[in-house]
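All the letters of the sequence shown, read from the start, carry residue numbers -2 to 327 under my numbering.
For reference, the structure discussed in these notes is given below.
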Amino acid sequence: MSPTPAHTTTLVTGLSGFIGRELARALPGGAQHTLWGMAWRSPVPEGLGVRTLRGDLTDPEWVDQAVARIRPDRVFHLAGQSRESLSWHDPWRTYHINLRSQLNLLQAVARHAPGSRVLLASTSAVYGFMQGESIAEDHPVRPVSPYGVSKAAAEMMARQMSLAADLNLLVVRSFNVIGPGQSSDFALSSFARQIAAIEAGRRPSVVETGTLAARRDFLDVRDMASALCRVMDQGTSGEVYNIGSGVVVQLQDALERLVAFSRAAIEVRTVAQRLRPNDPPVMRANIAKLRSLGGWRPAVPLDATLQDMLNRWRAALASNPDPVEHKDKR
C-alpha cells in the first residue's frame, strides 16, 4: 500500500446509518484528516466533525458532482438497502438501490479520484447456506435472498470495474453486526425494543420472535468500525475480507441473555409473520484473513453489547414513546 498522504480526505457513504455513524467516530480527526459524508434523509449526529452532502446515490448526476467536489483519497461505501426482510417484499427496490448507487459511485471515482482507495461493504448473505465448520472468503457464493443476490452482483460489478478502470478496491463481507442504535428491523434490536417497551408498560409482557434456532456470528458495531479501519489501512487491494467474531451464538441464547437483563416478567412467543424464508440455520465467519492484519480481534463482549442495546432502547422510549427510526442509508 502506498504511504498515507500528509492530508487525507475520507468519504463515507451511508454516514447516517447504523455502521456509518460508528465508523465516523472511529476515524482519525485533526487537521490532517477531512471527513466527508453522504446521507439521504436521515439526520447525521452532531459532534462528529463531518462535512455532509445530502442527496440520492441512485442519482448519477448528483453523485458525479459530489465526488468531483470532494476528490477523496479514501472511500468507505456503506450506503444501501441492508434489510434482508425488506428484500423479500420489495426485491426490485433492493436491486435498484444496491446496484445503481454503487455503479454511480465507482464511475464517479474513476473519473474524479482514480487514485483513491475504495472499500465496499458486502455481506455474509452472499454465501447462502454454510458448508463446513465456518465460512472463509473462498466459500462458494450462492445467495438465497434478494438482498444476498444484490450484494453478490455488486461484488461482480466491482471486480469488472476494477479491471476496466484500474480502481483500488477492497471488499468486506460482514456477518451479524449488532449494537446500540440498530434498527428494530433486526432480530436482537427488535427483542431489546420489545423488552424496553414491556418495562415501560407500553406493550403486553410478550416478546414476539421468528425462529430462535438459528445460530449466528454476532459482532458489536464498534468492533465492526475498527475492522473497517484495519482493512482500509492494511488490507490488500483486490481482496475480500470477512468481518465477524468467529463465534456462533444461538438466537435463543441471545434472547435469554436480554431477558435476564430485564426488570419485567416476560413471555416469549413465536409469530409466523416474523419467520423468514430460506433462512440459513448457521452462519459462522472464518476471520483468519482479517486477523492477519496486525492481529485484529473483537474487543466488546456480547453481554456488553446486549446490555447497551437494551439501555439505548430504554432511553429512546423514555424520551419518545414512538421513536423514529431512520432506516435507509442512501
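By construction, the Cβ of each residue, glycine as well, lies at the ideal position given by its N, Cα and C atoms.
- Alanine 149 and alanine 261 have their C-alpha atoms spaced approximately 43 Å apart.
- The Cβ neighbour count for glutamate 81, taken over all protein chains shown within 10 Å, is at least 16; the residue is labelled buried.
- Collapsing the DSSP output to three states places arginine 212 in a strand.
- Contact between the segment 117 to 126 and the segment 139 to 149 is present, with at least three C-beta pairs closer than 8 Å.
- Per DSSP, leucine 116 is not a residue of any alpha helix (DSSP H); the beta strand (DSSP E) it occupies stretches across 114 to 120.
- When rounded, the separation of the alpha-carbon atoms in threonine 10 and alanine 251 is 31 Å.
- Where leucine 20 is concerned, the enclosing alpha helix (DSSP H) starts and stops at 15 to 23.
- Comparing alpha carbon positions, the residue from Leu185, Ser242, Thr267 closest to glycine 207 is Thr267.
- Beta bridge pairing from DSSP links asparagine 165 with Arg114.
- With a 10 Å radius around the Cβ and a threshold of 16 neighbouring Cβ atoms, serine 316 comes out exposed.
- At a Cβ-Cβ threshold of 8 Å, glycine 26 and glycine 46 count as neighbours.
- Between leucine 314 and the set Ser234, Gly198, Gln231, Gly44, the nearest pair of CA atoms involves Gly198.
- Distance from alanine 151 to serine 113 at the Cβ level is roughly 18 Å; contact not present, criterion being Cβ atoms closer than 8 Å.
- One alpha carbon belongs to serine 98, the other to glutamate 264, and they sit about 42 Å apart.
- The beta carbon of proline 42 is closer than 7 Å to those of Arg18 in its chain, skipping five residues each way along the sequence.
- In this structure, threonine 55 sits near isoleucine 94, with a CB-CB distance shorter than 8 Å.
- Secondary structure of aspartate 230 (DSSP, three-state): helix.
- The straight-line gap separating the alpha-carbon atoms of alanine 155 and serine 186 is approximately 31 Å.
- Here DSSP, grouped into helix, strand and coil, assigns serine 84 to helix.
- Taking 3 residues as the minimum length, the beta strand (DSSP E) runs contained wholly in the segment 134 to 198 are 165 to 171, 173 to 175, in order along the chain.
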